[in-house]
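Student: Position 121 of the sequence shown, counted from 1, bears residue number 120 in numbering that gives the first Met the number 0, the numbering being contiguous throughout.
Every residue, glycine too, gets a C-beta built ideally from N, C-alpha and C.
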Amino acid sequence: MFNSKLIVYKNKTGKYNIMYNAIICRYHEIAIKGNNRNMFEKQMVSNLRFLLRDIDNLKIAKIRGRIWVQHRESVEFTEQELEIIKAQLPKAFGLETFSPVIMCRPDIDELKQVVINSCKTIFDRAFAENKIVTFRVRARRSDKQFSLNSKGIEIALAETPGAYYQEDQLRVNLKSADVTIGCEVRNEFAFIFYETLKGPGGLPVGSNSPVLALLSGGIDSPVACCMAMKRGSRVDYLTFHSAPYTPQETIDKVKRVTDIINEFQKNGVLHICNLAPIQKEIRDKCHPEIRTVLYRRMMFRIAEAVARKNHRYALLTGEALGQVASQTVINMSTINAATDMLVLRPLVGMDKNEAITLARKLGTFDTCAEQVPDSCTVFAPPSPATRASLEHALAEEEKLGDYQLILEQIIADIVEYYSQD
Ligand code: ATP
Ligand code: MG
0 MFNSKLIVYK
10 NKTGKYNIMY
20 NAIICRYHEI
30 AIKGNNRNMF
40 EKQMVSNLRF
50 LLRDIDNLKI
60 AKIRGRIWVQ
70 HRESVEFTEQ
80 ELEIIKAQLP
90 KAFGLETFSP
100 VIMCRPDIDE
110 LKQVVINSCK
120 TIFDRAFAEN
130 KIVTFRVRAR
140 RSDKQFSLNS
150 KGIEIALAET
160 PGAYYQEDQL
170 RVNLKSADVT
180 IGCEVRNEFA
190 FIFYETLKGP
200 GGLPVGSNSP
210 VLALLSGGID
220 SPVACCMAMK
230 RGSRVDYLTF
240 HSAPYTPQET
250 IDKVKRVTDI
260 INEFQKNGVL
270 HICNLAPIQK
280 EIRDKCHPEI
290 RTVLYRRMMF
300 RIAEAVARKN
310 HRYALLTGEA
320 LGQVASQTVI
330 NMSTINAATD
340 MLVLRPLVGM
350 DKNEAITLAR
360 KLGTFDTCAE
370 QVPDSCTVFA
380 PPSPATRASL
390 EHALAEEEKL
400 GDYQLILEQI
410 IADIVEYYSQ
420 D
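1. With C-beta atoms as the reference, is ILE66 less than 7 Å away from CYS24?
2. If you draw a straight line from the C-alpha of TYR19 to the C-alpha of ALA227, how long is it?
3. Check for me: the alpha helix (DSSP H) holding SER98 runs from which residue to which?
4. Can you pull the DSSP bridge partners for TYR236?
5. Looking at the unbroken alpha helix (DSSP H) that takes in CYS285, where does it start and where does it end?
6. Beta carbon of ARG139, beta carbon of GLU183: below 7 Å?
7. Applying the 10 Å Cβ sphere with the 16-neighbour rule, what's the burial state of THR376?
8. For ILE154, which of helix, strand or coil comes out of DSSP?
9. Is there at least one non-hydrogen atom of the ligand ATP closer than 6 Å to the beta-carbon of VAL328?
10. Alpha carbons only, please: which of ARG71, GLY64, LYS61, GLN42 is nearest the one belonging to ILE54?
11. Which residue's Cα is closest to the Cα of ASN56: SER206, ALA21, CYS224?
12. Give the secondary structure of ASN2 by DSSP, where H, G and I count as helix, E and B as strand, and everything else as coil.
13. Can you list, in chain order, the residues of its chain whose CB lies under 7 Å from that of VAL110, leaving out five sequence neighbours each side?
14. Taking buried to mean at least 16 other C-beta atoms within 10 Å of its own C-beta, is ILE131 buried or exposed?
15. Please go through the same chain and pick out, in chain order, the residues whose beta-carbon is closer than 7 Å to the beta-carbon of GLN87, but skip the five residues on each side of it.
16. How would you label LYS252, buried or exposed, when you count the other beta carbons within 10 angstroms and need 16 or more for buried?
17. Is any heavy atom in the ligand ATP found nearer than 6 Å to the beta carbon of ASP219?
18. Would you mind working out which of LYS398, SER332, ASP219, PHE239 sits nearest ILE281, comparing C-alpha positions?
19. For VAL113 and LYS143, what's the separation of their Cα atoms in angstroms?
20. Using 7 Å as the threshold, is the C-beta distance between ALA125 and LEU213 below it?
21. Contact defined as beta carbons within less than 8 Å: I believe THR159 pairs with CYS118. What is the distance between those atoms, to the nearest angstrom?
22. Pairs of beta-carbons, one from the region 330-349 and one from the region 241-252, closer than 8 Å: are there three or more?
23. For LEU5 and ILE101, what's the separation of their Cα atoms in angstroms?
24. Are the Cβ atoms of VAL221 and THR363 separated by less than 7 Å?
25. Measure the CB-CB distance between PRO287 and PRO372 and report whether it falls below 7 Å.
26. Just reading off the alpha helix (DSSP H) that LYS174 is part of, what are its end residues?
27. Let's test the definition: count the other Cβ atoms within 10 Å of the Cβ of GLU407 and tell me whether it reaches 16, buried, or not, exposed.
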């Protein structure tokens with residue numbers, strides 16, 4: 000995997016003078032999955048390939064409990080490629096941490112040379128903020144035959160910054176340091192790194208069964224989608240509008256939200272459904288107080304049909320207990336009774352502020368905060384019931400007669416939207 004003659008200690012771009020030639024990706028939870036481990040790792044490799052699709056000629060491979068990203072020709076990453084990597088890998092669910100590394104032969108002189116060639120950039124950055132810079136070396140060796148033990152490697156490498164700075168400018172601090180020089184020595188290769196960046200944790204998307212999310216243009220449902228992805232489920236989406244009573248902007252906004260959350264997974268399909276035909280029936284024939292609960296029961300029925308047809312194994316919503324009238328325990332229970340499918344509600348115990356914080360982190364907040372009319376609100380009654388019993392809902396639905404035909408037509412008219420890659 001390592002081609003020693005390709006280590007060139009000079010900057011090709013003229014800008015970036017650390018020759019990072021690989022990225023080490025560390026995972027935690029997937030490492031402990033016993034027999035499934037292979038499947039989890041394969042999924043992780045495939046997901047990384049998708050996330051790093053803008054970089055040509057990548058080689059992504061798993062080697063002994065880590066995933067390595069390199070160029071096929073073993074050349075170093077450009078500054079622009081490192082920027083892409085740093086922006087994209089925090090979206091790779093399943094990833095604990097990652098580090099750009101400089102690979103070399105497992106040889107102490109070569110390791111020293113690598114540190115001499117790379118450390119000045121890192122130390123100069125630290126000296127821009129401090130008069131005295133603290134540093135430490137953290138070494139590990141899995142090759143027990145290596146000439147030095149971990150302590151010995153640390154001592155040998157700790158001398159190298161001395162080539163550039165006065166003794167009184169530098170201090171070793173093992174507990175907390177401005178600069179940490181990381182080193183790992185393995186049988187076939189060794190590497191040096193200076194930063195350990197955080198991945199999002201969780202499990203790789205695709206390692207659990209896929210689900211269908213009810214996606215509104217609101218703040219909560221995209222957060223719910225990402226939480227399910229973080230636990231390994233691929234997510235497709237179903238959104239309801241009420242054209243011509245809601246404008247085209249309602250649909251366009253959800254498409255934009257879909258594009259944002261599809262950045263975390265490959266090819267989540269958005270099913271776009273016009274709920275207006277059944278909403279009008281409910282509006283005309285049923286008690287105003289219970290309308291919202293009835294709209295939602297219809298949403299769940301449609302969602303179940305779409306999910307079963309597309310082999311999606313659960314529904315997913317952004318509901319949080321008590322947040323709005325339709326989310327009281329009694330109303331949620333009445334709504335839930337419309338489907339036999341498992342309904343996942345990862346936000347159930349969250350405050351709005353917590354959901355907002357997550358939405359900002361995921362990048363959906365600004366789009367979701369735009370005010371456009373929602374399918375439910377255009378047909379909303381002035382004072383919705385907060386305790387709609389199932390008996391009451393069923394009695395009101397009796398008034399609709401055979402609504403199944405209307406639902407079938409609504410489902411037949413669903414259109415699909417795919418994000419561009
Ligand atoms: P959100 O911010 O996700 O819209 P909310 O707090 O506004 O949530 P509601 O509007 O009551 O709450 O919706 C609760 C959940 O019902 C949503 O999270 C979503 O899963 C689903 N939902 C609501 N409206 C729609 C819609 N127009 N299309 C698809 N799903 C919807
Ligand atoms: Mg909403």
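Tutor: Well, looking at it:
1. Cβ atoms of ILE66 and CYS24: closer than 7 Å.
2. In a straight line, the C-alpha of TYR19 is about 33 Å away from that of ALA227.
3. From DSSP, SER98 is part of no alpha helix (DSSP H) but of the beta strand (DSSP E) over 94-103.
4. TYR236 pairs with ALA212, LEU269.
5. Run containing CYS285: none; DSSP gives neither H nor E here.
6. Yes, the Cβ-Cβ distance between ARG139 and GLU183 is below 7 Å.
7. Exposed, because fewer than 16 other Cβ atoms sit within 10 Å of the Cβ of THR376.
8. DSSP places ILE154 in helix when its eight states are reduced to three.
9. No, the ligand ATP has no heavy atom inside 6 Å of this Cβ.
10. Checking every option, the nearest Cα to that of ILE54 belongs to ARG71.
11. Checked all of SER206, ALA21, CYS224; the closest Cα to ASN56 is ALA21.
12. Because ASN2 sits at a pLDDT of 38, beneath the cut-off of 50, its placement in the model cannot be relied upon, and the following sentence gives the value as read from the coordinates. Note: ASN2 maps to coil in three-state DSSP.
13. Per the sequence presented here, residue 110 reads as Leu, with Val not at that position. For LEU110, where only same-chain residues beyond five positions count, the Cβ hits under 7 Å are CYS103, LEU156, CYS182, ALA189, ILE191.
14. Label assigned to ILE131: exposed.
15. Excluding positions up to five away in sequence, the list reads LEU50, LEU51.
16. Result: buried.
17. It does: the Cβ of ASP219 is within 6 Å (strictly closer) of some heavy atom of the ligand ATP.
18. Measuring C-alpha to C-alpha distances from ILE281 to each of LYS398, SER332, ASP219, PHE239 identifies LYS398 as the nearest.
19. About 21 Å.
20. Cβ distance not < 7 Å, so ALA125 and LEU213 don't count as in contact.
21. At roughly 6 Å, the Cβ-Cβ gap stays under 8 Å, so THR159 and CYS118 are in contact.
22. A contact is defined here as three or more CB-CB pairs under 8 Å, and the region 330-349 fails this definition with respect to the region 241-252.
23. Confidence is the limiting factor: at LEU5 the pLDDT is only 33, short of 50, which leaves the residue's position unreliable, though a coordinate-based value still follows. The alpha-carbon atoms of LEU5 and ILE101 are separated by roughly 12 Å.
24. Before going on, a small fix: residue 221 reads as Pro here, not Val. In this structure, THR363 lies closer than 7 Å to PRO221 by Cβ.
25. When the beta-carbon positions are compared, PRO287 and PRO372 stay at least 7 Å from each other.
26. No alpha helix (DSSP H) holds LYS174; DSSP gives it neither H nor E.
27. Exposed, because fewer than 16 other Cβ atoms sit within 10 Å of the Cβ of GLU407.
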